[in-house]
Every structure is written in structure tokens, then in C-alpha cells.
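Heads up: the sequence shown runs through residues -20 to -1, 1 to 318, numbered per mature numbering (1 follows the signal peptide of the UniProt record, and there is no 0). For glycine and all other residues, C-beta sits at the position ideal for the given N, C-alpha and C. On a predicted model such as this, the values are computed, not experimentally measured, just so you know. First up is the structure itself, then whatever we jot down about it.
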Amino acid sequence: MGCLMRFIVLLCLSIMRISALNFFPEKFKIGEKHTSVTLTCKTTKDSVTWKREDSFETVDIEESDLEKLSGRKLTVIDLQEDQIGNYTCWSDKGLEDYTYLLLDKSKEATVFKINCTAETLSCTEQIKCAWTSDEFTAFRLRNTRDNGNWVSQSVDGVFFLPHSTNSYSEESERLLITGEAVSSCCYMKTDYSFYLRDIVKPANPDISICTVQNEGSDDQIIELEVMPPSSWPQPHSFFPLKHQVEYQIRHNGELKTKEWEEGSKIKVEGHIRKLRARSRDMLLLSQWSEWTSWKNVPDRERRTRNKESGKEKKRQKERRNNKKNRKKNSTGKKRGNF
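This is the structure we're talking about:
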């Protein structure tokens, strides 16, 4: 039964067109252009034949100046683009093994930079990385420093990698993230090394309006509170955040900002239409978080206008109803005279 399943798996892999290589095959080998690569057929058979499948056709491999056969081994000489593909080996019993041969483009890896951020220094939160390219169809990353497992990308091209950094101690060793990418023809490997503290970008803080004084006037004073996100480590006194609030003046649309470092509350003055906030690590001078959504400030003047407008609509409705009733009564009296 085991042999049958292995044959079925190998057969499926052998008939899958290499143009559909949107995964990392279990067996693949890489080589740089103009180098020689030796493939080995994993079998107990002494004699095998080889085939190569690319995006267009399947070709039987025969001894030549560019392809040397020796028992279970096949050596590809002076590797070129037209020699890339899925190599399968066959015995008189059928398919025995396969190996994808890909062109190594790792020396071009500087073009494809991995971007990572972390919401906190704590190891309870994962590192978020993004890495995509139009030239490759499958990607994976791993935390090499911590000997982590390979992580495949999600649908939106984002990776989440665990780490073991201790937020309560000095970070002495850099993280090393290794990335691999494949396509129907090529392979690429790259490394990205950094300290976790250099990529910290807090999640959005929580913002709330506490009090509004002199509502609706140019002397309006708003007290608001900005709290660290739930993912931020505690105690907050040991991991302080610096906050920034941006607010829009109601009568002219002007945007203003204000920053503070001590405490979670702050007062801002002016006839303000809306406001939002963001935070950063105060000690590490990390990246700013994304802005929170705009929060509208209550406007007494508008509420008064709306209230008066509502009253006026109600009065107009009453007048229309009274007019209809008078007309109805008048019509009834005329009919009574007949």
C-alpha cells in the first residue's frame, strides 16, 4: 500500500506542469548559470531513464555533451535556461523519483527586500513580514536565529514569525530572517538581519474623549485619553509610549498636532471638528503607529440647529394636518346642506 501511495504522489508531481509551480516542491536542486549540477534518482534500480518537463513539453534525456548519464545519476553541464524543469527518472516498473532543477538567482536578492515590523518587543507577539515579487510565485520565511520552521505566506502576502526575544532584558543578538522564493524557472534565497528594537511599530492606541468644556465656542477645551494598545507590554511605566494627537479646526479645516510624553491624558483647545491619535515607543524612538480612525467631537451648535430644525419640521407638519382637517370639515358641511 505504501509503495502504491508513493507511486501516485510521484505520478501527480510528474504530470503537474512546471508553469504551475506555486509551491515549494519536496525535492528541488539549484544551480547558477554556466555551472554543472548532478541529479540523483532515489531508487534501488540499477538502470533508469530520465525525462525533463518544462512549461511546454516533456523531453527524453539522452547522453550528450550537455547531459551526462551514469547509473542513477544525471549531470547537467553548463546550466542554461532551457535546461530548467522537472526531472523525472523511470525504471521498467514506472516512475521512481523526481527533482525540480531551478536557476539560482540569489545574487540578485538585494532587489527583493524583506520588510518586517513588530507591534512590541514581547515574544508573545509575532513579527509581521512582507515579501513579494512579480518574478516569483511561492515564498517562505523562517526565523533562522531561533531555528524556526518555514512559514508560508498568507493570501495577502504577509508572514507571521514567532521569536524568543525577551522584552525585559537587553537585546544582544540580532534576528536573522531567511527567505526563499521559487518560480517555474528560478530560485532565490536572501537574509535579513536586524534587532527587534529597530522594527518596533506599535499597534493603534485606544482614544476616548473624557470631557468637553465651553462646547461649541472657540475657547472649547477637550480632555482626551490615549491608552496603549492591548498588545503593548506591561507595566506601561516600564514601557512608556509617546503620543501624538492630530485635530481639525471646525471653521477653517486647519489641521494641528500636539505631542506629549507623560500620562495618558491631554487637553486640546479650539472649536474642533474631529481628532485622531498615534503612538511610538518613547525610549527606543520607534516608528509611529498608524493613526486611529477619526473621532468626531460633539457640537452643541449643530445639535441646537438640528433640534430647531426638527421643531420647525414638526410645526410645518402640524400646520399641514390642520389645513387638511379644516378642508375636510368644510367639505362635510357642504354635503350636509344638500
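Exercise. First and last residue of the beta strand (DSSP E) that includes residue 223?
Worked result: 221 to 229
Problem set entry | Other residues of its chain near residue 16: CB distance less than 8 Å, five sequence neighbours each side excluded | 55, 56, 57, 58, 59
Exercise. Residue 230: which of 238, 250, 221, 223 sits nearest, CA to CA?
Worked result: 250
Exercise. Is the region 120 to 129 touching the region 154 to 169 in the sense that three or more CB pairs, one from each, lie closer than 8 Å?
Worked result: yes
Exercise. Is DSSP giving residue 245 helix, strand or coil here?
Worked result: strand
Problem set entry | Straight-line gap, residue 34 to residue 133 (C-alpha atoms, nearest Å) | 25 Å
For this session: Please check the pair residue 180 and residue 101, which I expect to be a contact at CB under 8 Å, by giving their CB distance rounded to whole angstroms.
Result: 6 Å
Exercise. Whose C-alpha, out of 167, 84, 244, is nearest the C-alpha of residue 187?
Worked result: 244
Exercise. DSSP three-state call for residue 276: helix, strand or coil?
Worked result: strand
Problem set entry | Within the region 144 to 218, ranges of the beta strand (DSSP E) (whole runs, at least 3 residues) | 155 to 162, 166 to 174, 186 to 193, 201 to 207
Problem set entry | Three-way DSSP call (helix, strand, coil) for residue 16 in this model | coil
Problem set entry | Pairwise C-alpha distance: residue 196 and residue 98 | 41 Å
Exercise. How long is the line joining the alpha carbons of residue 284 and residue 203, rounded to whole angstroms?
Worked result: Because residue 284 carries a pLDDT of 47, less than 50, the predicted location of this residue cannot be relied on, and the following value inherits that uncertainty. C-alpha separation (whole angstroms): 22 Å.
Exercise. Would a C-beta distance cut-off of 8 Å place residue 177 and residue 226 closer than the cut-off?
Worked result: no
Problem set entry | Start-to-end residues for the beta strand (DSSP E) that takes in residue 74 | 74 to 84
Exercise. What's the gap between the Cα of residue 42 and the Cα of residue 9?
Worked result: 20 Å
Problem set entry | As assigned by DSSP and simplified to three states, the class of residue 239 | strand
Problem set entry | Rounded distance between the beta-carbons of residue 221 and residue 259, thought under 8 Å | 4 Å
For this session: Compute every distance between the C-beta of residue 269 and the non-hydrogen atoms of the ligand MN, then say whether any falls below 7 Å.
Result: With respect to the ligand MN, the structure shown offers nothing to examine, as it has no ligands at all.
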